[in-house]
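Report on the following structure.
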Amino acid sequence: MDLNIFWFVTLGVLLAGYAVLDGFDLGVGILHPLAKNDYERRIFLNSIGPFWDGNEVWLVTFGGALFAAFPDAYATAFSGFYLPFMLLLCALIFRAVSIEFRSKHEAKIWRKFWDWSFCGASILATFLFGVAVGNCLNGILVGSDKEYAGNVFNLLNFYSAVIGILAVTTFAMHGSIYLYLKVEGDLKQRVHRWIWHTFGCFLVCYIFATIYTLVSVPRAIHNFEHHPWLWGIVIINVFAIGNIPRAVFLQRPGYAFLSSSLTLIAFTALFGAALFPNLITSSLSPEFSLTIYNASSSEKTLGIMQIIAFCGMPFVISYTAIIYWVFRGKVKLGKFSY
Amino acid sequence: MEEIFTALMLARLQFALTIMFHYLFPPLSIGLGLILVITEGVYLKTKNPLYEKITKFWVKIFAANFAMGVASGIVMEFQFGTNWATYSRFVGDIFGSALAAEGIFAFFLESGFLAILVFGWDRVSPKMHFFSTLMVCLGSMFSAVWIIIANAWMQTPAGYHIVGEGMHAKAVIDDFWVMVFNPSSMRMLFHAIIGCWLMGAFFIMSISAWYVLKKKHLDVAKKSFVIGLILAFISSLAAAGSGHFLAEKVAETQPAKLAAMEGHYITGTEGAPLYLFGIPNSERQTVEYGIKIPGGLSFLLYGDFKKTIAGLDQFKPEDRPPVGITFQMYHLMISLGTYMLLLTSISLILLKRNKLFESKFMMKIYCISVLAPVLANQAGWIATETGRQPWIVYGLMRTPDGLSKSVKANEILTSIIMFTLIYILLFLVWIFVIHNKVKHGPDESLHEK
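Protein sequence lines, in the order shown, are assigned to chains A and B.
Note that the working numbering has the first sequence beginning at 1, numbered continuously upward.
Note that the working numbering has the second sequence beginning at 339, numbered continuously upward.
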């Protein structure tokens, strides 16, 4: 495997890590208004309390790694998606401070404000991730100078919006399964019902988005012709999705959570398979596309970064494991809670 | 009007705004992180519950501050791509790897162990908790390490070669370690970290002094204050020393910046003076209303009052940094540093004589003195960055050439307005939350529901 492919795969791993981990806390944010009272809302916040910050680091590291490994793709995507990215940044800011500040003051209006800001920011961030993925699949107006040549309205097309909505329903489902693992009693029974609703919404969006993609983005399965093993990902994906209702029905929420995590990993893999070897597909002409070769850093930097990744990632995975282990079990509100 | 609102000016304005806002929080996290390690370390050693109380109190404030640092930091990372895409293409090979290293080595460490630091008191052993505090402190410093390396490389590029020409030119790495240990990175790093410690120390002294004035939580306040005072005194001394070593390096590697910082226009034939303050006038090429030590700059840099130092006249007009702002910010930083050194020295003497906490005047001074390190850190940063102009990467790429080509002025203006409003809101909220925490005081954790 050459270094360019290594970094393409590594970025995929970081993205999948982000989707699985931040996916559930974004999902909790999307479901936040369904909590009935202040106690339940605090349970929701504290279910993700020790984790959300570390989860977001996967995105930050993805950004840094994209910058280092494929600076041209980083530059084109971020300057091209300028306003959506600024909105995304605002959403991420509001989410972070809503979680942190909500419980710092008793007043009702204070808590209401941060509740809605938390939910709104979670939905907006998730939707915008989906829109970004949709645009990447669809291709954007990139010229021969590697610069984005369109405007913001070209980015808000119907296809990308569909992928955006799919993202929201996926994370809502993922988040509801996570909550089911973390809460107890009456709330648990209600969360159990939400799983069926969110799963239903997800399934409808998933089927629609899949058909839409096959019809309007033929490039998405271009690689599948030469590498038939890629169909394996599709099969894993379908089985993982199918296993979610089965596991929920069998009262095995941990198993359901693994299945929805696997679904997200498979989605990321399919996204990568659809793009490869492009990072940014030009809708003007295939030769203007930014690939893992014409947009990459030097061989030397990719090599150094590989060493950095090999040194750092074992630690990262260990801390993540330690944190999830320390905070395992049901959420209990204590004196250190949000 | 149109002249002012070019995409370039707006992008620069946005960068200044977002980085100055961001730079309020990480220094405080780094400073408070060190203080938490000290207080919890003392607790672990002495088992004195007072230190546990002190640690838990500052952890709460630390957490609120940390969230602001993370939230505003995400903007910084992505802004290189959004506003400075051409710069990102040019330096991706080098700057990008430092950012990625920051993510892998620092952010995961901090954010992971932060969870245990804040929520883990009942879940892990005291030793494991202390270890987490230590890791958060280390993580925040690692983060500074990589960011400063990246910035220092923009000041004194090393370990690279340029491939391609004109529009397609790129800096490509030759030697990673030469890039990391470029001529200014270590000196900048020490100076910046010390600035962060000053910030943490003065922050807890300010709140403690307020408690002393109000005669509340005296046990926590006095102990915290003394820890802060000792740290602040050592850091002020170290800031002066490290600042001096940094200035020497700037004189060697970025003479135009040094000349701008000192308002040194004309090279002349004798030693360069050191201005205590003044107003540089670029049209008349002189510093007006100034008080100067003749030959002082030459003496500081070379130990010789007579040695000539290159003035701005040695550089082409288009290569000269803006003098006024660089000069004033640099001098503001030095004045504040001197102020902090004097204040902490006097306070130590008073403390020895048991008169410090009796002096209402001193306590009032400390309440507001938290602004000194805040302003000094900001001013130092501004002097460093404006002094590098007109280069975005010193000697290699000019700032206007680094701008994103596909971004339009009105888009940047929209985002500036959006961020300004959000930042004002968040800043007020942050002040409100910290104020609330301080008002409740350290006993809060004992009877909170």
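We treat Cβ as the ideally placed atom computed from N, Cα and C, and that holds for glycine.
Asked	Found
Cβ contact (3+ pairs, closer than 8 Å) linking the stretch 452-460 of chain B and the stretch 74-86 of chain A	no
Residue 438 of chain B versus A:182, A:195 and A:312, residue with shortest Cα-Cα distance	A:312
For residue 217 of chain A, the residue or residues it bridges with in DSSP	DSSP lists no partner for residue 217 of chain A.
Residues bridged to residue 631 of chain B (per DSSP)	B:612
Residues in the stretch 70-85 of chain A having any Cβ partner in chain B nearer than 9 Å	70, 71, 72, 74, 75, 76, 77, 78, 79, 80, 81, 82, 83 and 85
Nonlocal neighbours in the same chain, by C-beta distance under 8 Å from residue 78 of chain A, ignoring five residues either side	85
Own chain partners of residue 701 of chain B with C-beta closer than 6 Å, once the 5 adjacent residues on each side are dropped	547, 550 and 551
Supposed close pair residue 428 of chain B, residue 530 of chain B - CB separation, criterion 8 Å	About 24 Å separates the two Cβ atoms, so there is no contact after all.
Which of helix, strand or coil DSSP assigns to residue 293 of chain A	coil
For residue 400 of chain B and residue 772 of chain B, the rounded distance between their alpha carbons	10 Å
Cβ-based neighbour list, residue 263 of chain A, same chain, cut-off 6 Å, excluding 5 preceding and 5 following	240 and 241
Simplified DSSP state of residue 647 of chain B, which is helix, strand or coil	coil
Under 7 Å between C-beta atoms of residue 243 of chain A and residue 260 of chain A	no
Cβ distance (whole Å) where residue 705 of chain B is taken to contact residue 574 of chain B below 8 Å	So it is not a contact: roughly 18 Å between Cβ atoms.
Cβ pair count under 8 Å reaching 3, the stretch 162-169 of chain A against the stretch 202-214 of chain A	yes
Alpha-carbon to alpha-carbon, residue 133 of chain A and residue 16 of chain A	13 Å
Spatial neighbours of residue 425 of chain B in its chain, beta-carbon cut-off 6 Å, leaving aside the 5 residues before and after	730 and 740
C-beta contact flag for residue 96 of chain A and residue 405 of chain B at 7 Å	yes
Cβ distance (whole Å) where residue 477 of chain B is taken to contact residue 447 of chain B below 8 Å	4 Å
Within 7 Å, strictly: CB atoms of residue 316 of chain A and residue 445 of chain B	no
Buried or exposed by the 16-neighbour rule on C-beta atoms within 10 Å, applied to residue 784 of chain B	Reliability of the predicted coordinates at residue 784 of chain B is poor, the pLDDT of 45 falling under 50, and the value obtained from them is presented with this limitation in mind. With fewer than 16 other Cβ atoms within 10 Å, it is exposed.
Boundaries of the alpha helix (DSSP H) in which residue 421 of chain B is found, first to last residue	387-421
Three CB pairs or more closer than 8 Å across the stretch 21-36 of chain A and the stretch 284-292 of chain A	no
Pick from B:475, B:375 and B:727 that is closest to residue 654 of chain B, judged by C-alpha positions	B:727
Where residue 384 of chain B falls, given that 16 or more other Cβ within 10 Å makes a residue buried	exposed
Nearest candidate by alpha-carbon position, reference residue 123 of chain A, set A:192, A:31, A:222 and A:267	A:31
Local Cβ density within 10 Å of residue 269 of chain A, reported as buried at 16 or more and exposed below that	buried
Any chain A beta carbon closer than 7 Å to residue 344 of chain B	no
Contact set for residue 3 of chain A: own chain, Cβ-Cβ below 7 Å, skip 5 residues either direction	299, 302, 303 and 306
For residue 624 of chain B, the residue or residues it bridges with in DSSP	B:619
Cβ of residue 502 of chain B within 7 Å of any chain A Cβ	no
Contacting residues, own chain, Cβ-Cβ under 8 Å from residue 635 of chain B (five flanking each side not counted)	600, 602, 609, 610, 611, 612 and 647
Contacts of residue 305 of chain A in chain B (Cβ-Cβ under 7 Å)	435 and 438
Start-to-end residues for the alpha helix (DSSP H) that takes in residue 499 of chain B	No alpha helix (DSSP H) holds residue 499 of chain B; the beta strand (DSSP E) holding it covers 498-501.
Contacts around residue 436 of chain B, its chain only, beta-carbon distance under 7 Å, and the 5 residues preceding and following it disregarded	484, 487 and 488
Limits of the unbroken alpha helix (DSSP H) element including residue 539 of chain B	523-552
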